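> To start, I am sharing the structure in question, which I have written as structure tokens.
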Amino acid sequence: MGWKDNTRAWRNRPASHSRQADNREITLLVLIGVISILLWHSPYGGYVLYPFSILATWFHEMGHGLAAMAFGNDFERLVIFPNGSGYALHVSEGQPSRLSRAVIAGAGLLGPTVAGCALILASRTHRATKAALILLGIALIGSTLIWVRSTTGWAILPALGAACLAIAYYGREAHRRFAVQFLGVQGCISIYSDFGYLFSQGGYLEGQMQISDTGHIEQALLLPYWFWGGLITAIILAMVFYSLKIAHRR
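Going letter by letter, the sequence shown gives residues 220 to 469 in the working numbering.
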């Protein structure tokens, strides 16, 4: 009986320990997010996070481009400017439907969060963590060769891709996990820097007035841009909440 009681006690320890580890991990993810936001507001923080700002733009524009391809359009090029703005050029043969226009516009806004949540979920297992880094590395390098047509994209994206592959194949498990979670957090919080864009009708790009993504959704689906900005914000918050919940479910 004494031996069985000890066994039960030993088996109960990992569950308590794993809950403590999960709490520490969630705290770390939140801390990374807070520090990143503070860095954006510091004089030189933007330089520190610059590669990840470019990565967020890549997520955003790839969201537009892949959604356009899903509707049968031609994804011709992806351009990222030094200031972190960019665009995805896609062409349709006929008149695009209202639904396709709205989905393509919304896919860019949701792209960074979808990618960030997927990376956080991938951190649940060793195999998925490594696979996520490999897939992201290949996607960054491959998309640069196929679609990217700007010096900033050529300089930053392949380097990030190579770093992901190096960590996946040569990094320790703890380093892989931290890298995936860090990149996931950057994707999830990148909407913070674009929060004003969500609730605007547009802005200037290369000296020309451009309609915002929520402005395009407004044109396609009639309801005002601020409604779609609020809806997309709610979707993003729900995605982040449930990805964290699922990632730390036992």
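All residues carry an ideal CB built from backbone N, CA and C; glycine is no exception. All values derive from a computational prediction rather than experimental measurement.
Nearest to residue 339 by CA position, among 255, 315, 398, is which residue?
Stepping through the sequence shown from its first residue, residue 339 is reached at position 120. Of 255, 315, 398, the residue nearest in Cα terms is 398.
> I need the straight-line Cα distance from residue 428 to residue 435, nearest angstrom please.
Indexing the sequence shown from 1 puts residue 428 at position 209. Indexing the sequence shown from 1 puts residue 435 at position 216. C-alpha separation (whole angstroms): 13 Å.
> Under DSSP, the alpha helix (DSSP H) around residue 463 begins and ends at which residues?
Locating residue 463 in the sequence shown gives position 244, where the first residue counts as 1. It spans 444 to 466 - the alpha helix (DSSP H) in which residue 463 sits, taken as one unbroken run.
> Quick test of your reading: residue 470 and residue 395, contact by CB under 8 Å. State the CB separation rounded to the nearest angstrom.
Given that the chain is displayed from residue 220 to residue 469, the structure contains no residue 470 and the question cannot be resolved.
> With distances taken from CA atoms, which of 302, 299, 284 is nearest residue 310?
Position 91 of the sequence shown, counting from 1, holds the residue named residue 310. With distances taken between Cα atoms, residue 310 lies closest to 284.
> State the beta-bridge partners of residue 367 as determined by DSSP.
Mapped onto the sequence shown, residue 367 falls at position 148. Answer is 297.
> Going by DSSP, what residues sit across from residue 308 in a beta bridge?
Locating residue 308 in the sequence shown gives position 89, counting from the first residue. For residue 308, which the question treats as bridged, DSSP gives the partners 296.
> Got a sec? Which residues, its chain only, sit under 8 Å from residue 363 by beta carbon, not counting five neighbours each side?
For the purposes of this step, residue 363 is identified with residue 144 of the sequence shown, where counting begins at 1. 372, 373, 376, 377, 380.
> Between the beta-carbon of residue 278 and the beta-carbon of residue 406, is there less than 9 Å?
Residue 278 sits at position 59 when you count from the first residue of the sequence shown. Residue 406 sits at position 187 when you count from the first residue of the sequence shown. Contact flag set, yes.
> Consider the C-beta atom of residue 318 and the heavy atoms of the ligand FMN; say whether any pair is separated by less than 8 Å.
Ligands displayed in this structure: none; no statement on the ligand FMN is therefore possible.
> Mind checking which residues open and close the alpha helix (DSSP H) that includes residue 319?
Here the question's residue 319 lines up with position 100 in the sequence shown. Its alpha helix (DSSP H) spans residues 317 to 341.
> Apply the 10 Å Cβ neighbour rule to residue 317 and answer buried if 16 or more other Cβ atoms are within range, or exposed otherwise.
In the sequence shown, residue 317 corresponds to position 98, counting from 1. So residue 317 ends up on the exposed side.
> May I ask which residues mark the beginning and end of the alpha helix (DSSP H) holding residue 193?
Absent from the model: residue 193. The displayed extent of the chain is 220 to 469, so no value can be given.
> Going by C-alpha distance, which of 416, 328, 343 is nearest residue 463?
Here residue 463 refers to the residue found at position 244 of the sequence shown. Looking at the Cα atoms, 343 is the closest of the given residues.
> Suppose contacts are defined by Cβ-Cβ distances below 9 Å. Is residue 307 in contact with residue 296 by that definition?
If you number the sequence shown from 1, residue 307 lands on position 88. If you number the sequence shown from 1, residue 296 lands on position 77. Yes, Cβ-Cβ distance for residue 307 and residue 296 is below 9 Å.
> Does the stretch 321 to 339 come close enough to the stretch 449 to 458 that 3 or more CB-CB pairs lie under 8 Å?
Yes, the stretch 449 to 458 is in contact with the stretch 321 to 339.
> Considering only residues of the same chain and omitting the five flanking positions on each side of residue 384, which have a CB-CB separation below 6 Å?
If you number the sequence shown from 1, residue 384 lands on position 165. Excluding sequence neighbours, residue 384 sits near 356.
> Roughly how many angstroms lie between the CA atoms of residue 361 and residue 257, to the nearest whole one?
The count along the sequence shown starts at 1 and reaches residue 361 at position 142. The count along the sequence shown starts at 1 and reaches residue 257 at position 38. When rounded, the distance between both Cα atoms is 32 Å.
> Can you tell me where the alpha helix (DSSP H) holding residue 406 begins and where it ends?
Here residue 406 is taken as the residue at index 187 of the sequence shown, counted from 1. 392 to 412 is the span of the alpha helix (DSSP H), which, as asked, contains residue 406.
> Considering only C-alpha positions, which residue in the set 291, 349, 402 is nearest to residue 314?
Your numbering for residue 314 matches position 95 in the sequence shown. Checked all of 291, 349, 402; the closest Cα to residue 314 is 291.
> According to DSSP, what are the bridge partners of residue 430?
Working through the sequence shown from its first residue, we reach residue 430 at position 211. Answer by DSSP bridge pairing, in chain order: 421.
> Grab me the residues of residue 368's own chain with a C-beta within less than 6 Å of its C-beta, minus the 5 sequence neighbours each way, in chain order.
For the purposes of this step, residue 368 is taken as residue 149 along the sequence shown, with counting starting at 1. Result list for residue 368: 296, 298, in chain order.
> Thinking C-beta only, is residue 421 closer than 9 Å to residue 430?
Here residue 430 corresponds to residue number 211 of the sequence shown, with the count starting at 1. Here residue 421 corresponds to residue number 202 of the sequence shown, with the count starting at 1. The answer is yes: Cβ separation under 9 Å.
> Given residue 272, which residues of its chain have a CB within under 8 Å of its CB, disregarding the five upstream and five downstream residues?
Numbered from 1 along the sequence shown, position 53 holds the residue referred to as residue 272. Answer for residue 272: 265, 303, 409, 412, listed in chain order.
> Suppose contacts are defined by Cβ-Cβ distances below 9 Å. Is residue 403 in contact with residue 358 by that definition?
The residue labelled residue 403 in the question sits at position 184 within the sequence shown. The residue labelled residue 358 in the question sits at position 139 within the sequence shown. No, the Cβ-Cβ distance between residue 403 and residue 358 is not below 9 Å.
> How should residue 255 be labelled, buried or exposed, when 16 other C-beta atoms within 10 angstroms of its C-beta is the threshold for buried?
For the purposes of this step, residue 255 is identified with residue 36 of the sequence shown, where counting begins at 1. It is buried - the Cβ of residue 255 has at least 16 other Cβ atoms within 10 Å.
> In angstroms, rounded to a whole number, what distance separates the CA positions of residue 327 and residue 465?
Residue mapping note: residue 327 aligns to position 108 of the sequence shown, counting from 1. Residue mapping note: residue 465 aligns to position 246 of the sequence shown, counting from 1. The straight-line gap from Cα to Cα measures roughly 24 Å.
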